[in-house]
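Contents: one structure, followed by commentary.
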Amino acid sequence: MVILQANNIQYKYQDGTHALRGVSMEIEQGEFLAILGPNGSGKTTLLKHFNGLLKIQEGEVLLDGRSLKNYPSREVVQRVGIVFQDPNDQLFAQTVREDVAFGPMNLGLSKEDIERRVEDALTLVNMSHCADKFVGHLSYGQKKRVCIAGVLAMKPEVLLLDEPTSGLDPAGVTHLMRLLQKLNSECGITIIMATNVIDVVPVYMSSMAVMYEGTVLHEGTPENVFSKIEELEEVYLELPQIAQLMRLLRDKDKISMEKLPLTIGEARKFLIQKLNGEHVVRLPSLNVSKEYS
Ligand SMILES: Nc1ncnc2c1ncn2[C@@H]1O[C@H](COP(=O)(O)OP(=O)(O)OP(=O)(O)O)[C@@H](O)[C@H]1O
Ligand SMILES: [Mg+2]
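Residue 76 in our numbering sits at position 54 of the sequence shown, with consecutive numbering throughout.
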C-alpha cells in the first residue's frame with residue numbers, strides 16, 4: 023500500500039531558487055528509503071514537503087491517498103514526524119524529559135500516557151539515563167537521539183530524517199542505523215532518510231532515490247540503482263566502498279562476478295564461494311591462489 027505520494031512537485035524559494043523541478047515519488051508503507059544526491063540537489067526541500075513544513079506551490083503530496091491540503095496540520099505532524107539535520111534547530115526545552123514530552127502534551131494525552139510515551143521513546147534511543155539532564159549539556163550525538171525520541175513519542179507512521187548520521191562517531195552511526203532498522207522492521211514505521219553516507223544504504227535500506235538538481239534521476243532497490251555505475255558517476259555518486267574494491271577486482275584483476283557485491287557480507291560470501299569452489303581466486307602477483315589451494 024502506498025502511504026506517501028508526491029505528484030510532480032515544483033518548488034521555488036523566495037529568492038527564485040528552483041529547488042524542486044517536478045518530483046514524483048511513491049513510498050510504500052514499511053519502506054526504508056534513502057534519498058541521496060549532491061549538496062543542493064533538493065533532498066531537504068523534498069523532505070519538508072512530506073510533512074507539510076513547506077507549503078506546496080505546484081503539484082501535490084498525498085498521505086494515504088488524500089492530499090495534505092485536506093488534512094489538519096496537527097494530524098500530519100503526528101503521523102509524519104521529521105528529524106532535522108541539526109539537533110539545535112529542533113530542541114528547545116530545558117531538560118530532555120520536557121523536550122520529549124512536548125509533542126505528546128500537545129496531543130492532549132493524560133499525564134500518565136505522556137510519561138509512558140516519554141519513557142518508552144527514551145528507552146528506544148538508549149537515553150533514559152539522561153531524562154533529567156539539561157539539553158544544553160548533551161553531546162551532539164545524544165542531542166540527535168533526543169530529537170528522534172521526541173518524534174517517536176508522537177507514535178508516527180512515517181519518520182523523515184535529514185542526514186541523521188552526520189556528526190556521529192562510527193559506533194554512533196551503527197547504533198543509529200540499527201535503531202532505525204528496528205523501528206522499521208519491528209514497529210512497522212516507514213522511514214525516509216536523506217543521507218550522503220552511501221555505505222549504509224545497501225546494508226540497511228530497502229530502496230533508494232537519487233536526486234540531482236531538483237529532480238529524481240534514479241529510483242529502485244540499491245542493487246538496481248548501484249548497477250548503473252556510469253550514470254551515477256555522471257552525477258558524482260560513488261559506489262559503497264566495498265563495491266569499489268570488488269569492482270577493481272572484477273575490472274582490473276579479471277575476477278568474474280555475476281553481480282557486484284555491495285556490502286561486506288555479500289563480498290565475504292562471494293569470496294568464500296570463489297575460494298571454496300572450483301574457481302579458486304587467482305591473483306598471480308600476490309600469489310593468493312597458492313596460499314588457499
Ligand atoms: N531558504 C532558502 N532560500 C533560498 N534557497 C534555498 C533555501 N533553502 C534551500 N535553498 C536552495 O534550494 C536548493 C536545494 O536545497 P536543499 O537544502 O533542499 O538541498 P539538499 O539536497 O538538502 O542539500 P545538502 O546535501 O547540502 O543538505 C539549493 O540550491 C539551496 O541553495
Ligand atoms: Mg539537506
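A virtual CB, placed ideally from N, CA and C, is assigned to each residue, including glycine.
Short note on THR66: C-beta closer than 7 angstroms to some heavy atom of ligand 2. Beyond the five residues adjoining it in sequence on each side, LYS177 comes within less than 8 angstroms, by CB distance, of GLN100 and ARG139 in the same chain, given in chain order.
Here ASN110 is exposed: its Cβ has fewer than 16 other Cβ atoms, across all protein chains shown, within 10 Å. When secondary structure is reduced to three states using DSSP, SER207 falls in the helix class. By the Cβ neighbour-count rule, LEU76 is buried, with 16 or more other Cβ atoms within 10 Å of its own.
With a 10 Å radius around the Cβ and a threshold of 16 neighbouring Cβ atoms, LEU270 comes out exposed. Look at the beta carbons and you see the stretch 77 to 91 not touching the stretch 104 to 118: under three pairs across the two are nearer than 8 angstroms.
In this structure, the alpha-carbon of ILE294 lies about 30 angstroms from that of GLU253. In its chain, beyond the 5 residues on either side, PHE156 and VAL157 have a beta carbon closer than 7 angstroms to the beta carbon of GLN116. As the crow flies, the alpha-carbon of LYS91 is around 40 angstroms from that of HIS151.
For LEU297, the uninterrupted alpha helix (DSSP H) run begins and ends at 286 to 298, by DSSP. In the three-state scheme derived from DSSP, where H, G and I count as helix and E and B as strand, VAL147 is classed as coil. Taken in chain order, the unbroken stretches of beta strand (DSSP E) that lie wholly in the stretch 211 to 246 and span 3 residues or more are 212 to 216, 229 to 234 and 237 to 242.
Between LEU144 and the set GLU255, LEU198, LEU174 and SER249, the nearest pair of CA atoms involves LEU174. GLN36 has its Cβ nearer than 7 angstroms to a heavy atom of ligand 1. Between the stretch 211 to 221 and the stretch 38 to 57, the count of C-beta pairs closer than 8 angstroms reaches three or more; the two stretches touch. A distance below 8 angstroms between beta-carbons, with the five flanking residues on each side excluded, links VAL238 to the following residues of its chain, in chain order: VAL45, SER46, MET47, ALA231 and VAL232.
Not one heavy atom of ligand 2 lies closer than 7 angstroms to the C-beta of ASP111.
Contact annotation: TYR33 and THR66 have beta-carbon atoms that are not nearer than 8 angstroms. In the pairwise beta carbon analysis, the stretch 259 to 270 is classified as touching the stretch 281 to 297: at least three pairs are separated by under 8 angstroms. In the DSSP assignment, HIS159 falls outside any alpha helix (DSSP H), carrying neither H nor E. Going by C-alpha positions, GLY74 is about 15 angstroms away from GLU179.
Residue pairing by DSSP places HIS40 opposite LYS34 in a beta bridge. Closer than 7 angstroms to some heavy atom of ligand 1: that does not describe the Cβ of GLY87.
Out of TYR234, LEU205, PRO244 and LYS204, the CA that lies nearest to the CA of VAL223 is found in PRO244. The straight-line gap separating the alpha-carbon atoms of ASP275 and PRO262 is approximately 19 angstroms. In terms of CA proximity to SER207, MET227 leads the group ILE220, MET227, GLY194 and HIS197.
In the DSSP assignment, ILE264 falls within the unbroken alpha helix (DSSP H) covering 263 to 273.
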